[in-house]
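Take the sequence shown: its letter number 132 is residue 132 in the UniProt record's numbering, and every next letter is one higher. Below you'll find the structure, written out as structure tokens, and then a few comments.
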Amino acid sequence: MEKTLIIGYGSLMSYFGINERIYTRNIEIFNPFITRFKGSRGFNTTRGRCMDIGKIFNPEGSQISIDEVIDESRNTFECLAFYVKDGPLQKIAKRESFPIGLMSEIRSFLNNQNKKDNIQEGMKDIAEFLWTFYAQQDSYTSYQEKIHQYRKKLGKHITFEILNAHRYVPHPVKVECNQKKRIVFGLISIHTDIGAKKDNTKDIALMTFREAIHSDNPPRELYFKDCILGGVHGINVRDILSGIGNINGEMDFYIKNLKEKIKEEWNDTQSWRFHGNNLRSNLVRSGLMEYFPEILKDI
């Protein structure tokens, strides 16, 4: 059965985050690994304080290992990549609040295109198909403009109104894998009204965690844990943690039971071979040990 590569850069970076939401509870994921992309992420300033991608985002990334050197330039961010079958893909679409019917419309358009081109159905999955909307753009076009054009091209073939909804929309990415430099295509969620968005005339900055918790609609406590528990697997989450400092004890609410959750995340993902067998080393690489040395000193 066909599988689709999903790129999680927020709450989809941890097993706890995947399993915490009812739509994706107990879904089966395959062959998880770490990816790195050029760009930035932060908290959405307009809706729900969820994670989002900034306007400078290169959708061509690469697989990295937990032995990879950390990029200290802060010009990149790391994610969890994993494969799902079609059933769980629909559940992820619901969880991410993709516009209702979007995935079905894309699938229908893909099938019709395959028939038109006399291609056997299933020869090209959704992610690879959507990448064709990026393919013809010249190298001088900015990343933000490429994403803008991608939505316009896609909107010509499906209901355009759903691309204007204030929701996440799936965007294709291209990932160079370590195994024989194989190229795979995947899906990443980008919000429609911020950062790398449809309206490239507005520059709405993403918030740091510190800014988010002092806003009028701070993120849920569990959402923050969903994201940073990706560090259990060696994923660098310093960009999410940066700037939090010791905010007069305010962090206590967001990191309560963090040590226990880290151990739970680790125990529940022993089948994830990519993260190795040294939890402490992963916590150091991710930045969790750096930001919470007292809490994690006994791990």
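Virtual Cβ for every residue (Gly too), placed ideally from N, Cα, C.
Item, Value
"How would you label Ile-194, buried or exposed, when you count the other beta carbons within 10 angstroms and need 16 or more for buried?", "With a pLDDT of only 46 at Ile-194, under 50, the local geometry of the prediction cannot be trusted, and the value read off the model is given with reservation. Ile-194 is buried by the Cβ-count criterion."
"Using the C-alpha atoms, what's the distance from Leu-296 back to Ile-100?", "42 Å"
"Measuring only the C-alpha atoms, how far is Gly-276 from Thr-132?", "35 Å"
"Over what stretch of residues does the alpha helix (DSSP H) that includes Gln-113 continue unbroken?", "102-116"
"In its own chain, which residues sit with a C-beta less than 6 Å from the C-beta of Tyr-83, not counting the 5 before and 5 after it?", "Lys-3, Leu-5, Phe-30 and Asn-31"
"Between which two residues does the alpha helix (DSSP H) harbouring Asn-282 extend?", "279-286"
"What does DSSP give as the partner residues of Phe-37 in its beta bridges?", "Phe-77"
"Spatial neighbours of Glu-68 within its chain, please: CB distance less than 6 Å, with the 5 preceding and 5 following residues excluded, ordered by chain position.", "none"
"Could you pull the DSSP bridge partners for Glu-60 from this structure?", "Lys-174"
"Let me check understanding here. Comparing Cα to Cα, which of Phe-109, Gly-54, Tyr-9 and Ser-286 lies closest to Glu-145?", "Gly-54"
"Under 6 Å Cβ to Cβ from residue 378, same chain only, skipping five residues before and after it: list those, please.", "A question about residue 378 goes unanswered here, because the residues of the chain that appear run from 1 up to 299."
"Between which two residues does the beta strand (DSSP E) harbouring Asp-52 extend?", "51-53"
"Going by the CB atoms, is the gap between Gly-287 and Leu-241 shorter than 8 Å?", "yes"
"Which whole-angstrom value describes the C-beta separation of Trp-266 and Leu-279, a residue pair presumed to lie in contact below a C-beta threshold of 8 Å?", "5 Å"
"Starting from Leu-241, follow the alpha helix (DSSP H) in both directions and report where the run begins and ends.", "238-241"
"When DSSP builds the beta bridges, which residues end up paired with Met-207?", "Phe-43"
"Taking DSSP as the reference, what is the three-state secondary structure of Ile-244?", "coil"
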